[in-house]
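One structure below.
In the UniProt record's numbering, the protein residues as written are 1 to 583.
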């Protein structure tokens, strides 16, 4: 997968990359608590002195009663709301009858806080006890009062981190943080991990993964864009750079001091020169681009591994290339594998299993079952038994499927290099027994390298190896989709078109509403059961490449979402907010 965010020509390879919490043990898992007491511009050469934060843009705030001494919060406590990453909340204040009363409560342009913050943003906010934690490109972290937008603290990356990002021409995307044990955890682009004091924003610990595993360096092609997951005293960390031929991995670190919690990473591919990588000059892949999900009932984590490398040239990586394009279940305590299922064998089209798998209890053929589900860039969706890995549903197509092997002359393939389902997360509504999948319909022309030597030369037009050309096809309609699948029988209930590729993801509520943002800057609400449009809000016209996070304070429901583009922002909506929309 590649990191070329916003440039459509190379977006598919980059999208996973650029374009790639926080449970208080079991309490946060319930997501309720009571408070008692890519796509980026070049980083500037010099880091400016921190500026005094400007006040968030004022809007017509909804009326709120005087805050009691003990405010009650319902949190969005991980990357995907809960440990299982279902992105579904039990909140019911916003309904189909009043959703059109939603308006903007506050917004903040990140460059007003520090002009060195790069363009682009794919951050998924975390909200804990009324504080919103969000990242930007180049690993800045901000804590805001989630209701008023007042800045509480910021963490700015040290100069050596910024220097590494610039020196290695590395993607600056970051998709968020994890929160646990009074700390905020972030994976940094220089293949590092930092813990930050949740109250003050001060650094507690900071490591480079190469401190413990020497090959995990930017010089070897690694970088990091994913968000971590906190669970049971551990921080789970994935890997970016599979298209560079690195060896993909998932790893656990102790939250107390960032020391390794497993003996070694779970490697998704063998070392170079061994097994199916024995013959080629270059090879690897299997990056874990997105956070893992956790089943706390069995202490199991689930993660998706990306495509093998070289991406399109498969002659020197014979066979199925096992554990690539796969969903893998491992023991949270040890990293020992429980099961693996491969979605695409010997991938030649950059069809990563990219999005985080989700875990949930669904009704299937009249019986309740614990399920792991995931869609891939290949445009198909799967579901497995969470404990055994037994396949329940497979190859359910939500995109057009037509992908012959690439040729040196050029081959039209569906889906294109964007996907399918890229990194954008889906959502599961337990009352409706529906999973909703964000999709992309955009075919590509791929010209494969003619020989191995050509395959290992990095092409200037695409951040991958094994191709001389890869780009969306001209004169072919491109659009996004939202597809609803009934878990009872695996059938598609509906599919709606969206104007733009679905690159951000979905979040749903107990009142049967699903929210998402679009590349046009529009935030949309649809009826989860039917796909009917219920509400739209145009922010600023800048792209939205992340999914909403939903939380409450004293029963009042709020929706937070980041935007990308040249002037990245965060927006928070609620009933009674300002309805004046952007251009």
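In this text, a Cβ means the ideal position worked out from N, Cα and C, and glycines have one as well.
Start and end of the alpha helix (DSSP H) containing residue i?
i	result
residue 453	452–455
residue 85	First-last for residue 85: undefined, no H or E at that position.
Ends of the beta strand (DSSP E) at residue i?
i	result
residue 193	192–197
residue 336	It is not in any beta strand (DSSP E) - residue 336 carries neither H nor E in the DSSP assignment.
residue 364	358–364
residue 502	No beta strand (DSSP E) contains residue 502, which DSSP labels as neither H nor E.
residue 372	367–375
residue 208	203–208
residue 253	249–254
residue 447	444–448
residue 329	326–331
residue 186	183–188
residue 557	556–563
residue 136	Careful: residue 136 lies outside any beta strand (DSSP E) and carries neither H nor E.
residue 553	549–553
Write down the C-beta distance between residue i and residue j rounded to the nearest angstrom, noting that I regard them as a contact closer than 8 Å.
i	j	result
residue 327	residue 292	Contact flag wrong, Cβ pair sits at about 10 Å.
residue 248	residue 287	4 Å
residue 452	residue 274	Actually they are not in contact, since the Cβ atoms of residue 452 and residue 274 sit about 18 Å apart, beyond 8 Å.
residue 194	residue 230	No, residue 194 and residue 230 are not in contact; Cβ-Cβ is about 13 Å, not under 8 Å.
residue 502	residue 440	6 Å
residue 302	residue 359	6 Å
residue 586	residue 575	An answer regarding residue 586 cannot be provided, because it is not within the stretch 1 to 583 covered by the chain.
residue 226	residue 187	6 Å
residue 87	residue 507	5 Å
residue 395	residue 409	Between residue 409 and residue 395 the Cβ distance is about 29 Å, and since that is not below 8 Å, they are no contact.
residue 504	residue 550	Not really, about 14 Å apart at Cβ, beyond 8 Å.
How many angstroms separate the CA atom of residue i from the CA atom of residue j?
i	j	result
residue 401	residue 245	27 Å
residue 237	residue 570	25 Å
residue 203	residue 564	27 Å
residue 235	residue 258	8 Å
residue 256	residue 77	19 Å
residue 64	residue 252	For residue 64, the predicted structure reports a pLDDT of 47, less than 50, and the residue's modelled location is therefore unreliable. The matter cannot be settled from this model.
residue 519	residue 491	28 Å
residue 329	residue 322	14 Å
residue 189	residue 161	8 Å
residue 404	residue 206	46 Å
residue 526	residue 515	7 Å
residue 242	residue 554	44 Å
residue 42	residue 158	Because the pLDDT of residue 42 is 32, which lies under 50, any placement of that residue in the model is unreliable, and the number read from its coordinates should be weighed accordingly. Each residue's Cα considered, the two are about 17 Å apart.
residue 185	residue 170	21 Å
residue 397	residue 382	9 Å
residue 149	residue 112	13 Å
residue 132	residue 219	34 Å
residue 477	residue 497	12 Å
Take residue i and list the residues in its own chain whose beta-carbon comes closer than 6 Å to its own, dropping the five residues that flank it on each side.
i	result
residue 536	522 and 524
residue 35	Residue placement at residue 35 is poorly supported in this model, since its pLDDT is 34, which falls under 50; the coordinates still yield a value, given next. The answer, listed in chain order, is 71 and 129.
residue 93	557
residue 339	329 and 389
residue 95	511
For residue i, which residues from the same chain have a beta carbon less than 8 Å from its beta carbon, with the 5 sequence-adjacent residues on both sides left out?
i	result
residue 432	512, 528 and 529
residue 266	249, 250, 251, 328, 330, 335 and 337
On the three-state DSSP scale, how would you describe residue i?
i	result
residue 164	helix
residue 159	helix
residue 110	helix
residue 262	coil
residue 101	helix
residue 76	strand
residue 308	strand
residue 536	strand
residue 438	strand
residue 281	coil
residue 27	At residue 27 the pLDDT is 36, less than 50, meaning the model places this residue with poor confidence and gives no usable figure here.
residue 399	coil
residue 517	strand
residue 320	coil
residue 211	helix
residue 522	strand
residue 174	coil
residue 472	strand
residue 380	strand
residue 349	coil
residue 409	coil
residue 289	coil
residue 219	helix
Keeping to the same chain, check which residues put their C-beta closer than 7 Å to that of residue i; ignore five residues upstream and five downstream.
i	result
residue 362	369, 371, 433 and 487
residue 216	191, 209, 210 and 222
residue 351	307, 325, 344, 376, 377, 378 and 420
residue 581	537 and 538
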